[in-house]
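The structure appears right after this line, and notes come after that.
Given below as structure tokens:
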């Protein structure tokens, strides 16, 4: 590992899984760039306070990951503040439910823009920093929804499947530069977005019954897998996808 303090960029870091990852990486000694959109300003400020409580630096950068200009500016702010970036966690994502027949085109586009294109744009913007040092860890948050999906989430499932396919090819392109790229696929996690699946007690029980561990996940359950892929312990692992779901998808 390099002599400088390790740095990580976490997108969609204001709440849920992104917040848990940002704080968890700070606990592990990283300075953390936390990103979200402008309306999450107050929530991001609270996350920054938590990061700083562990003696680490927190840099807040507002950017819409689906907007190329925003993402380019974010990469510039990271470079200006830290000079390097060891890891990036592409966590920003949205879910708007709707059945295929009635799904509005703009819903399809919005989900694809944030979940799939956003991941691509963020990686494209930070690769030069990583290639310059011949070192980088890319962790993309996909979903078990990208493997089998659920009714009314076809566009979400498609976007997360796209992230997994993209990551497999990315790994092949950047391995020679000392950069790894892997996916973590959370299962049913209790977050604001996850509540889409969990508000109905019968639905919640159904998911619990499908899970080998018979419980719904917490955001903190996802952190260990992300930290592993971002660490030296995973130096020879790339192009892989790891389910973190308590035992729903058993392959």
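Residue numbers (my numbering): 229 to 479.
We put the CB at the ideal spot given by N, CA and C, even for glycine.
For this session: Check each candidate in 469, 447 and 446 and name the one with the smallest Cα separation from residue 457.
Result: Here the question's residue 457 lines up with position 229 in the chain shown. Comparing Cα positions, the closest option is 469.
Exercise. CB-CB under 8 Å to residue 421, same chain, minus the five flanking residues each way: which ones, in chain order?
Worked result: Within the chain shown, the letter at position 193 stands for residue 421. Result list for residue 421: 244, 321, 322 and 323, in chain order.
Problem set entry | Residues near residue 385 by beta carbon distance below 7 Å, same chain, minus five either side | Here residue 385 refers to the residue found at position 157 of the chain shown. Closer than 7 Å at the Cβ level, and outside the excluded window around residue 385, lie 373, 374 and 377.
Exercise. Using the beta-carbon count (16 or more within 10 Å), is residue 362 buried or exposed?
Worked result: As a first step, residue 362 is located in the chain shown; it is residue number 134 there, counting from the start. Exposed, because fewer than 16 other Cβ atoms sit within 10 Å of the Cβ of residue 362.
For this session: Kindly confirm or deny that the region 395-415 and the region 460-468 touch, where touching means at least three C-beta pairs closer than 8 Å.
Result: yes
Exercise. Between residue 336 and the rest of its own chain, which residues show a CB-CB distance below 6 Å, the 5 nearest in sequence each way excluded?
Worked result: On the chain shown, position 108 is the one that residue 336 refers to. Cβ within range, chain order: 383.
Exercise. To the nearest angstrom, how far is it from the Cα of residue 298 to the Cα of residue 292?
Worked result: For this step, residue 298 is matched to residue 70 along the chain shown. For this step, residue 292 is matched to residue 64 along the chain shown. Spanning the two alpha carbons is a distance of roughly 6 Å.
Exercise. Taking the continuous beta strand (DSSP E) assigned at residue 235, which residues delimit it?
Worked result: Taking the chain shown and counting its residues from 1, one reaches residue 235 at position 7. Segment 235-238, the beta strand (DSSP E) holding residue 235.
Problem set entry | Ordered list of beta strand (DSSP E) runs contained in the region 284-338, each at least 3 residues | 286-290 and 315-318
For this session: Indicate whether residue 359 and residue 427 have their beta-carbon atoms separated by less than 7 Å.
Result: Sequence index remark: in the chain shown, residue 359 carries index 131 (1-based). Sequence index remark: in the chain shown, residue 427 carries index 199 (1-based). Result no, Cβ atoms of residue 359 and residue 427 do not sit closer than 7 Å.
For this session: Please determine, among 300, 348, 274 and 437, the residue with the shortest C-alpha to C-alpha distance to residue 286.
Result: Against the chain shown, residue 286 aligns to sequence position 58. The shortest C-alpha separation from residue 286 is found at 274.
Exercise. Where does the unbroken beta strand (DSSP E) through residue 412 begin, and where does it stop?
Worked result: Here residue 412 refers to the residue found at position 184 of the chain shown. Segment 407-414, the beta strand (DSSP E) holding residue 412.
Problem set entry | Status (buried if at least 16 other CB within 10 Å, exposed otherwise) for residue 400 | If you number the chain shown from 1, residue 400 lands on position 172. Exposed, because fewer than 16 other Cβ atoms sit within 10 Å of the Cβ of residue 400.
For this session: Compute the distance between the beta-carbons of residue 319 and residue 252, then report whether it is under 7 Å.
Result: Indexing the chain shown from 1 puts residue 319 at position 91. Indexing the chain shown from 1 puts residue 252 at position 24. Going by C-beta atoms, residue 319 is not nearer than 7 Å to residue 252.
Problem set entry | Neighbourhood of residue 395 by C-beta distance below 6 Å, restricted to the same chain and skipping five residues each side | One-based indexing of the chain shown puts residue 395 at position 167. Closer than 6 Å at the Cβ level, and outside the excluded window around residue 395, lie 368, 409 and 411.
For this session: Pull up the distance between the alpha-carbon of residue 450 and that of residue 259, whole angstroms please.
Result: Taking the chain shown and counting its residues from 1, one reaches residue 450 at position 222. Taking the chain shown and counting its residues from 1, one reaches residue 259 at position 31. Rounded to whole angstroms, residue 450 to residue 259 spans 19 Å at the Cα level.
Exercise. Nearest CA to the CA of residue 380: which residue from 309, 339, 357 and 364?
Worked result: To locate residue 380, count along the chain shown from 1; it is residue 152. Of the candidates 309, 339, 357 and 364, the one whose C-alpha sits nearest the C-alpha of residue 380 is 339.
Problem set entry | Backbone secondary structure at residue 272 - three-state DSSP | As a working mapping, residue 272 is identified with position 44 in the chain shown. It is helical.
For this session: Taking only the alpha-carbon atoms, compute the straight-line gap between residue 265 and residue 437 and give it to the nearest angstrom.
Result: By one-based count along the chain shown, residue 265 stands at place 37. By one-based count along the chain shown, residue 437 stands at place 209. One C-alpha to the other measures close to 35 Å.
Exercise. Distance, Cα to Cα, residue 417 vs residue 371?
Worked result: Here residue 417 corresponds to residue number 189 of the chain shown, with the count starting at 1. Here residue 371 corresponds to residue number 143 of the chain shown, with the count starting at 1. Straight-line Cα distance between these residues: approximately 10 Å.
Exercise. Closest by CA to residue 477, which one among 413, 317, 392 and 388?
Worked result: Reading the chain shown from its first residue, position 249 is the one you call residue 477. Residue 413 is the option with its Cα nearest to residue 477.
Problem set entry | Rounded straight-line distance, which links the Cα of residue 419 to that of residue 312 | Reading the chain shown from its first residue, position 84 is the one you call residue 312. Reading the chain shown from its first residue, position 191 is the one you call residue 419. Cα to Cα, residue 312 sits roughly 31 Å from residue 419.
Problem set entry | Reduced DSSP category for residue 262 - H, G, I as helix; E, B as strand; rest coil | For the purposes of this step, residue 262 is taken as residue 34 along the chain shown, with counting starting at 1. Looking at residue 262 - three-state DSSP - the assignment turns out to be strand.
Exercise. Measuring CA to CA, which of 347, 333, 250 and 236 is closest to residue 278?
Worked result: As a first step, residue 278 must be located in the chain shown, where it is residue number 50. Here the closest residue by C-alpha is 250.
For this session: Starting from the C-beta of residue 290, find all residues in its chain whose C-beta is less than 6 Å away, skip the five residues before and the five after it, and write them out in chain order.
Result: In the chain shown, the residue the question calls residue 290 occupies position 62. If we look at residue 290 and ignore the five residues flanking it on each side, its Cβ neighbours are 266.
For this session: With a 10 Å radius around its C-beta and 16 neighbouring C-beta atoms as the bar for buried, classify residue 294 as buried or exposed.
Result: For the purposes of this step, residue 294 is taken as the residue at position 66 of the chain shown. By the neighbour-count rule (16 or more Cβ atoms within 10 Å), residue 294 is buried.
Exercise. Got a sec, what are the start and stop residues for the alpha helix (DSSP H) residue 477 sits in?
Worked result: Here residue 477 refers to the residue found at position 249 when the chain shown is read from its first residue. Neither: residue 477 is in no alpha helix (DSSP H) and is coded neither H nor E.
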